[in-house]
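Enquirer: Before I ask anything, let me first share the structure, which is written out below as structure tokens.
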Amino acid sequence: MTKKITLNIVFMVLILIILGGCSEVKENDIGIEKDNPLLNYFEEWNPDNMVIKCAYEDVDNNNTKDLVVVYSVSKDKNKMKIVIDNNGKYEFTEEVDAPRENQNIKFKNIDAKDQIEIIVSGSKNGAVGYAIFRVVDMKIINLFGQDMEDCC
Ligand SMILES: [Ca+2]
Ligand SMILES: [Ca+2]
1267 MTKKITLNIV FMVLILIILG GCSEVKENDI GIEKDNPLLN YFEEWNPDNM
1317 VIKCAYEDVD NNNTKDLVVV YSVSKDKNKM KIVIDNNGKY EFTEEVDAPR
1367 ENQNIKFKNI DAKDQIEIIV SGSKNGAVGY AIFRVVDMKI INLFGQDMED
1417 CC
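Those letters in the sequence shown? Residues 1267 to 1418, by my numbering.
If you want it as structure tokens, here you go:
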């Protein structure tokens, strides 16, 4: 009898570990921890928009990390905007179109000067596109794009 209870406890612990593992995978899905304060700020001000993908980096070169957020605005439309951490005061950039599926956000200082650039890629119905953005005066400027209209 005691052995059976012990087995039950082991079984429950195993289930808890597996469930815990699953929720961690979910966090990785959007690319950032769910308790990120910039993500929480976004969700607070955009409660109707489901967050799809995030990436956390200093995009305006002021030594604070900012949060790039891709989110849905309707069933077949996604947008992207950035929560800028202005020394603890959070502000949103303007929004731009974002890919429908397989969103990927990368950072690279393409011109090797000033702030880092944001490379966003994705697809829609198999059509792949990407664009390179830079944040200037709270706007997301499209520096270069390839087939973005096909995947947004
Ligand atoms: Ca910053
Ligand atoms: Ca740059």
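C-beta atoms are modelled at their ideal positions from N, C-alpha and C, and glycine is treated no differently.
Where D1403 and E1357 are concerned, what is the direct C-alpha to C-alpha distance, given to the nearest angstrom?
Expert: What you label residue 1403 is simply residue 137 of the sequence shown in a count that begins at 1. What you label residue 1357 is simply residue 91 of the sequence shown in a count that begins at 1. Distance between the alpha carbons of D1403 and E1357 is about 12 Å.
Enquirer: Pick from A1364, D1301, N1306 and D1324: whose alpha carbon is nearest that of E1383?
Expert: As a first step, residue 1383 must be located in the sequence shown, where it is residue number 117. Comparing Cα-Cα distances from E1383 to each of A1364, D1301, N1306 and D1324, the minimum goes to D1324.
Enquirer: So which of D1301, D1416 and E1361 has the shortest CA-CA distance to I1407?
Expert: If you number the sequence shown from 1, residue 1407 lands on position 141. Residue E1361 is the option with its Cα nearest to I1407.
Enquirer: Does DSSP put S1289 in a helix, a strand or coil?
Expert: Mapped onto the sequence shown, residue 1289 falls at position 23. The predicted position of S1289 is uncertain, since its pLDDT is 46 and thus under 50; a value taken from the coordinates is nonetheless stated next. Helix.
Enquirer: Taking 8 Å as the cut-off, is the C-beta of N1375 nearer than that to any heavy atom in ligand 1?
Expert: Within the sequence shown, the letter at position 109 stands for residue 1375. No, ligand 1 has no heavy atom inside 8 Å of this Cβ.
Enquirer: Quick one: what's I1350 bridged to in DSSP?
Expert: As a working mapping, residue 1350 is identified with position 84 in the sequence shown. In the DSSP output, where bridge partners are listed per residue, I1350 has E1357.
Enquirer: Looking at the secondary structure, which residues open and close the alpha helix (DSSP H) in which D1301 lies?
Expert: For the purposes of this step, residue 1301 is taken as the residue at position 35 of the sequence shown. Run containing D1301: none; DSSP gives neither H nor E here.
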